[in-house]
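Quick note: the sequence shown uses this note's numbering, first residue 8, plus one each step.
Glycine included, C-beta positions come from ideal geometry on N, C-alpha and C.
Quick caveat: nothing in here was measured; it's all calculated off a predicted structure.
Contents: one structure, followed by commentary.
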Amino acid sequence: MKFFVDTADLAEICDLAATGLLDGVTTNPSLVAKSGRNFLDLVAQICEVVKGPVSAEVAATDFDTMLAEGRFLAGIAPNIAVKVPLTPAGLKVCKALSSDGRQVNVTLCFSAAQAILAAKAGAAFVSPFVGRLDDIGQDGMGLIAEICQIYRNYPEFHTEVLVASVRHPVHVVAAAKLGAHVATVPPAVLRQLFNHPLTDKGLAQFVADWQKTGQTILDNKRS
Ligand code: E4P
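Okay, structure coming up:
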């Protein structure tokens with residue numbers, strides 16, 4: 008399973024990239040607005056830090072402008088995945104960019120039917136938003152189960168299920184159990200994945216007991 012971080016905060020991205028566990032990055036217009044940064048500069052910098060796919064979203068909603076924006080964004084770095092909305096025009100752009108050999112992430116997916124269309128349009132990734140479905144009382148992870156099942160039925164589909172709008176570690180584990188290819192996770196949730204109180208408690212005990220031995224490993228002293 009691949010982990011992408013869902014943020015436009017470059018400092019967070021650098022920090023998490025240093026763990027060696029980061030496979031890519033997703034941004035969206037809301038995250039870019041929150042960063043206060045110039046979008047094109049920011050995306051170029053992210054692409055230097057993380058070599059995996061970096062999703063950069065088009066801003067327009069009509070076919071011609073989205074296609075032009077998508078081609079422009081794709082020219083920034085080879086690891087750009089152009090993000091387009093799951094609309095008829097967005098899928099048309101997806102088809103065109105995919106045919107050019109570009110990676111496309113189809114975003115704002117909320118149904119299995121939409122995910123089938125994204126796969127048929129040649130998307131590299133489809134992004135079902137589990138948290139936003141949960142927020143309105145629907146079953147976000149149920150949608151992931153449906154899409155994974157459908158995609159498995161069609162080996163000619165090469166679209167990866169990118170679980171988005173992740174709110175907590177339970178979403179990540181549930182996505183992994185279902186065999187989703189990728190989870191894009193906010194930095195705070197990514198850090199939560201490392202934590203367990205028994206790890207902290209156990210480590211404190213080991214550190215205390217080790218001190219009682221009076222030894223240091225790097226002294227290279229043997230009896
Ligand atoms: C995915 O690519 C989106 O950027 C993101 O996961 C949306 O999450 P939100 O529902 O927390 O805004």
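By the Cβ neighbour-count rule, residue 13 is buried, with 16 or more other Cβ atoms within 10 Å of its own. In this structure residue 40 is exposed. Its beta-carbon is surrounded by fewer than 16 other beta-carbon atoms within 10 angstroms. For residue 90 and residue 215, the gap between their C-alpha atoms comes out near 50 Å. Rounded to whole angstroms, residue 108 and residue 118 show a C-alpha spacing of 26 Å.
Residue pairing for residue 169: DSSP places it in a beta bridge opposite 189. The ligand E4P has a heavy atom closer than 8 Å to the beta-carbon of residue 171. By a beta-carbon distance limit of 8 Å, residue 124 contacts residue 98. Their separation comes to about 6 Å. Relative to the non-hydrogen atoms of the ligand E4P, the Cβ of residue 136 comes within a distance shorter than 8 Å of at least one. In the structure shown, residue 86 adopts coil according to DSSP, grouped into three states.
Take residue 199, set aside five residues on each side of it, and the residues of its chain with a beta-carbon closer than 6 Å to its own are 176, in chain order. For the set 9, 159, 53, 37, the Cα lying nearest the Cα of residue 19 is the one of 53. Annotation for residue 156: the continuous alpha helix (DSSP H) segment containing it runs 147-160. Following the DSSP letters along the chain, one finds residue 72 inside the alpha helix (DSSP H) bounded by residues 70-81. About 4 Å separates the CB atoms of residue 128 and residue 101; that is less than 8 Å, so the two are in contact. Taking the Cβ atoms as the reference, residue 185 lies roughly 5 Å from residue 152, within the contact range of under 8 Å.
By the 16-neighbour rule on beta-carbons within 10 angstroms, residue 57 is buried.
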